[in-house]
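*Asks:* Here it is, the structure in full.
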Amino acid sequence: MMEKADPVVQKVYNRMRLWEFPEQYLVEPSDGSSAPFLAISRYNGSFSIIDELPQLSSHRAPKIWTIFGVVGTLKLFAGIYLLVITERESAGTYVDKPIFRISSMKIFPCDLSLKHAPEEHNRMEREFSQLLYIAETTPGLYFSYEVNLTLSLQRLHDLSEESKLLPLWRQADPRFLWNSYMSELLIDNKWVLILNISEGTRMWTRGADSDGFVANFIETEQIIQLNGHIASFIQVRGSIPLLWDQIVDLTYKPKFFIMDIEPHVVEKHFQDLNKKYGNVLAVNLVNKHGDEGRLCEQFGFAMQHIASEKVSILHRYRHFDFHKICGELYIEWLSILYYQIEIFLYKNRYFLLNDKGEKVEKQIGVVRTNCIDCLDRTNVTQSMIARKTLESQLRRLGVFHIDETIRMHPQLDECFKNLWANHGDDISIQYTGTPALKGDFVRFGKRTFCGIVKDGWISLVRYYLNNFCDGTKQDAIDLLHGHFSASGWLVVTPAMRNGSVEAMASFPMAFSAILSGIFYAMLSLIRVVDEHDPWNIIISMMWGGMSYLVAMLVKANAPFFCDRPRLNRPRL
């Protein structure tokens, strides 16, 4: 989207042409207007506005692309790269405004200056640009040409008249602005597109930072429009707000590492939630025993520390051991949790506009739910809370009588289940690369055999992605958001090439060596039987010993055999 940042007039173009000239790219609105062109230099990525196309050469016609928005630019060591939307699809509406999902993006390099750059810069540029191209397949990116997707209905309604006249990027909530860093040059030149997402990889973004901002923080808004009335209900989820990590080490469930317990980190997190949402009820779904139990205990202790009498109305904490109480089959036991939080939900309400657009009800508090990943257990729980709230809203609007429920209407029930199951899958794909576990709980209201088998397969895929893919993916995310240091890369890269275990570690090679050793050891044993040659026993022991030694080497240095981020090293 190209948006002219004038406080009174905002011209938005939803379809453009990109002209690929040898020395520059030109972005032209294709609505037939006489709007100027946005020119981007292919030497240094500088922006300028021109009024007409340059003279076209008869020998080499420029390539023309149809694009639907300029996402932003990213500067690496020597080159600048332009990211644009090449395909989109309709994803529905928000306050009657069309919403689109990005189905394809393309990167156009502005790196002609590399011809004169030192070879070391060229090498690093190639390494960085390989990460950058991962952005072309980023899933779950949404945008609108007409409405700010980063704000809830309540916040949109409460905007002042002056704020409503501002460009969308000036209104945006930076927590949910995916291309904030990449759009800086566009903002300077008054051409902006805002994309909505919350990102990070599962094992490499855990817990909170020192400012209280947490991994996988998601704001979910459920909206119903009926007979001119609009009602919405917000819930949030996010990682346990402690300083903790879970470093992959080839095991199925890596250990949790809790750094110094700093209650002020938890306090900062909940103070921020108070400012944005009002009262907060924290629902913690993790196990009470084992590794999760240590996190649970420390989270509960930190919440007791900040829940003084002065702020007890703002901070509430409720632990519910999902696995112990509901297990794998008894989702109906979630009703126990609902009865524990029902009064909070009633008092803090939801947002409601009548058929005249007047505010009738305001949501003054929010439920913050977490498990370990804030995915599977969290999604099941949030869908239950959302169901109860929707039923309450329908009764308020006179659609349901006092004892009527969604389950009494099979078509509505199926629609609701699919909506929340798809929502859980979308969030999970962004964070883990796979759909959510326990999806059958949400989609069918019970555990199914197919669901159990599917969860087993998803768990295996997650294991593979966590250990062998997500480090590189996290680097790409950090690169796109500006969370990296060029000097840090210069320090880390040589260290990985100086003959250390980390530099030489290759799991495919180690795994091949182990399998080869086992194969030749068994082959030698077979020859002992067939040829009665005792030397084959020694040979078999040598091959078996080699497999054992390689396996022990891998075990002792397991984290180095995983795909680890390089732009931002783990905290441990």
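Residue numbering for the sequence shown follows our numbering, starting at 3 and increasing by one per position.
No residue lacks a Cβ here, since even glycine has one placed at the ideal position from N, Cα and C.
Quick check on DSSP: helix, strand or coil for Y45?
*Replies:* Coil, per DSSP.
*Asks:* Roughly how many whole angstroms lie between the Cα atoms of T203 and D535?
*Replies:* Cα to Cα, T203 sits roughly 54 Å from D535.
*Asks:* Please determine, among S92, L517 and L283, the residue with the shortest C-alpha to C-alpha distance to N372.
*Replies:* Of S92, L517 and L283, the residue nearest in Cα terms is L283.
*Asks:* Just checking my contact of L414 with I408 at CB under 8 Å: how many whole Å lie between their CB atoms?
*Replies:* Yes, L414 and I408 are in contact; Cβ-Cβ is about 6 Å, under 8 Å.
*Asks:* By the three-class DSSP mapping on this structure, what secondary structure does E334 have?
*Replies:* Helix, per DSSP.
*Asks:* Output the residue ranges of the alpha helix (DSSP H) runs that lie fully inside the region 324–385 and measure 4 residues or longer, sorted by chain position.
*Replies:* Segments of the alpha helix (DSSP H) lying fully in the region 324–385: 324–328 and 336–350.
*Asks:* Going by Cα to Cα distance, which pick from V382, K290 and N276 is closest to N350?
*Replies:* When only C-alpha atoms are compared, the closest one is N276.
*Asks:* At which residue ranges does the region 136–207 contain complete alpha helix (DSSP H) runs of 4 or more residues, listed in the order of the chain?
*Replies:* With a minimum length of 4 residues, the continuous alpha helix (DSSP H) runs that stay inside the region 136–207 are 155–160, 163–166, 170–173 and 186–190.
*Asks:* Whose CA, out of I541, A553 and A478, lies closest to the CA of P510?
*Replies:* With distances taken between Cα atoms, P510 lies closest to A553.
*Asks:* Would Q306 be called buried (16 or more neighbouring beta carbons within 10 Å of its own) or exposed?
*Replies:* So Q306 counts as exposed.
*Asks:* Where does the unbroken beta strand (DSSP E) through R103 begin, and where does it stop?
*Replies:* Note, R103: beta strand (DSSP E), K99 to C112.
*Asks:* Pull up the distance between the alpha-carbon of I109 and that of A63, whole angstroms please.
*Replies:* Rounded to whole angstroms, I109 to A63 spans 20 Å at the Cα level.
*Asks:* Report back the beta-carbon spacing between H485 and N570 to the nearest angstrom; my notes put them in contact at under 8 Å.
*Replies:* Yes, H485 and N570 are in contact; Cβ-Cβ is about 6 Å, under 8 Å.
*Asks:* Quick one: grab the DSSP three-state call for K312.
*Replies:* Here the model assigns K312 a pLDDT of 47, short of 50, so the residue's position is not dependable and the matter cannot be decided.
*Asks:* May I have a chain-ordered list of the beta strand (DSSP E) segments no shorter than 3 residues that lie completely inside the region 247–314?
*Replies:* 281–286, all fully within the region 247–314.
*Asks:* Look at A137 and L482 and say whether their C-beta atoms are less than 8 Å apart.
*Replies:* For A137 and L482, yes; Cβs fall inside 8 Å.
*Asks:* Using alpha carbons as the reference points, say which of P100, Y83 and L84 lies closest to E91.
*Replies:* Nearest option by C-alpha distance: P100.
*Asks:* Mapping the DSSP letters down to three states, classify D565 as helix, strand or coil.
*Replies:* In this structure, D565 counts as coil in the three-state DSSP scheme.
*Asks:* Taking I260 and P561 to be in contact with their CB atoms under 8 Å, please state how far apart those CB atoms are, rounded to whole angstroms.
*Replies:* Rounded, the Cβ-Cβ distance is 18 Å, inconsistent with contact.
*Asks:* Starting from P412, trace the alpha helix (DSSP H) in both directions and tell me its first and last residue.
*Replies:* Per DSSP, P412 belongs to the alpha helix (DSSP H) from P412 to T434.
*Asks:* Can you give me the start and stop residues for the beta strand (DSSP E) that F451 sits inside?
*Replies:* Run containing F451: none in the beta strand (DSSP E); it sits in the alpha helix (DSSP H), F451 to F470.
*Asks:* In the DSSP assignment, find the unbroken beta strand (DSSP E) run with K77 in it and report its ends.
*Replies:* Looking at the DSSP string, the run of the beta strand (DSSP E) that includes K77 is G71 to K77.
*Asks:* Mapping DSSP to helix, strand and coil, what is I52?
*Replies:* Strand at I52.
*Asks:* CB P31 to CB Y45, shorter than 8 Å?
*Replies:* For P31 and Y45, no; Cβs fall outside 8 Å.
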